[in-house]
Amino acid sequence: RVITVALIALLTCVSRPSVAVGQSVHSTIERVQKRIVKVFGAGGIRRLHSYSTGFVVSPAGHVATIWSHVLDTDELTVVLADGRKVRAKVMGAEPQLDLAVLELQMEDLELPAWDLEADSSDAGPGTRVLGFSNMFRVATGDELVSVLHGVVAAKAPLATRRGAFESSYEGTAFIVDAVTNNPGAGGGVLTTRGGRLLGMIGKELRNAESNTWVNYAVP
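So the sequence shown is numbered by the numbering used here: it starts at 27 and just counts up by one.
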């Protein structure tokens, strides 16, 4: 009986933190997904995908996303987390950072948004992370974006190329032990398991030396 009671007590102590962590991650995922949008625009030529991801950076409807061919159109559509479809235009871009900012063309928007100063964080190797994106165009309507679990493998300079060309981005990046950089995932976000914003998921790139695909996010 003493052994049985001891085992029950031990299992209870072990299981409670696990349940709490699971609930915490679940709430993080729900909270972050409300701040992520799906972007649909140009594509189709030479098998280029016509979709990507973005994240809301102001309640009034400003969206940060990846600078890519998807934005090369006047018919740019953003699908919000609740399924609403909104026209958008490119306000500006910084190709050297692979970054663009969109403005949603709808009045009286009041969206859940990231506070880029208060919500941002940093991470080192071994940090468990979550990746949110519209990879493979799985979510086309009011479905929420996909989520991947991973670990930060390193924070290091990005030495990559796209096709036969070097990447335009120069700087450090979070290298992730998870397949985060899929078609359409560019412009998504990498967060801690607590929901702190680490960086933006980049384009599909290969390592310039090993010719292997790189999974990364730009801080």
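The beta carbon of each residue, even a glycine, is placed where N, CA and C say it ideally should be. Model, not experiment: these values are computed from the prediction.
For residue i, three-class secondary structure by DSSP
i, result
"H95", "helix"
"V58", "helix"
"R222", "coil"
"S41", "The predicted position of S41 is uncertain, since its pLDDT is 46 and thus under 50; a value taken from the coordinates is nonetheless stated next. Residue state, collapsed to three classes: helix."
"V205", "coil"
"R232", "strand"
"R110", "coil"
"S78", "strand"
"S194", "coil"
"R123", "It should be pointed out that residue 123 corresponds to Leu in this sequence rather than to Arg. Of the three classes helix, strand and coil, the one that applies to L123 here is helix, per DSSP."
"L36", "Model confidence at L36 stands at a pLDDT of 44, short of 50, so the residue's coordinates are unreliable and nothing is read from them."
Environment of residue i [buried if 16+ CB atoms lie within 10 Å]
i, result
"A182", "exposed"
"A234", "exposed"
"H254", "The structure shown does not extend to residue 254, since the chain is modelled only from 27 to 245, so the question has no answer here."
"V63", "buried"
"T238", "exposed"
"I227", "buried"
"S236", "exposed"
"G109", "exposed"
"K229", "buried"
"L231", "buried"
"S41", "Because S41 sits at a pLDDT of 46, beneath the cut-off of 50, its placement in the model cannot be relied upon, and the following sentence gives the value as read from the coordinates. Burial call: exposed."
"I71", "exposed"
"V31", "Here V31 scores only 46 on pLDDT, less than 50, and its place in the model is too uncertain to base an answer on."
"G150", "exposed"
"A199", "buried"
Residue i: CB within 8 Å of a non-hydrogen atom of the ligand SAH
i, result
"H95", "Judged by which ligands are present, the structure shown has none, so any question about the ligand SAH falls away."
Whether residue i touches residue j by CB criterion (9 Å)
i, j, result
"L223", "L170", "no"
"V127", "G197", "no"
"L125", "V89", "no"
"R163", "T54", "no"
"V112", "G152", "no"
"V105", "G167", "yes"
"N241", "V215", "no"
"V58", "L156", "yes"
"K60", "A114", "no"
Cβ separation of residue i and residue j, assumed to be a contact under 8 Å, to the nearest whole Å
i, j, result
"A119", "V83", "No, A119 and V83 are not in contact; Cβ-Cβ is about 14 Å, not under 8 Å."
"G210", "S78", "6 Å"
"P85", "E136", "5 Å"
"V96", "A68", "6 Å"
"G116", "G213", "Looking at the sequence shown, residue 116 is not Gly but Val. Not a contact, Cβ separation roughly 13 Å."
"A185", "I201", "Not really, about 11 Å apart at Cβ, beyond 8 Å."
>> So within the region 138-192, which uninterrupted beta strand (DSSP E) runs reach at least 3 residues, ignoring any that extend past its ends?
In response: 154-159, 172-183 and 186-188
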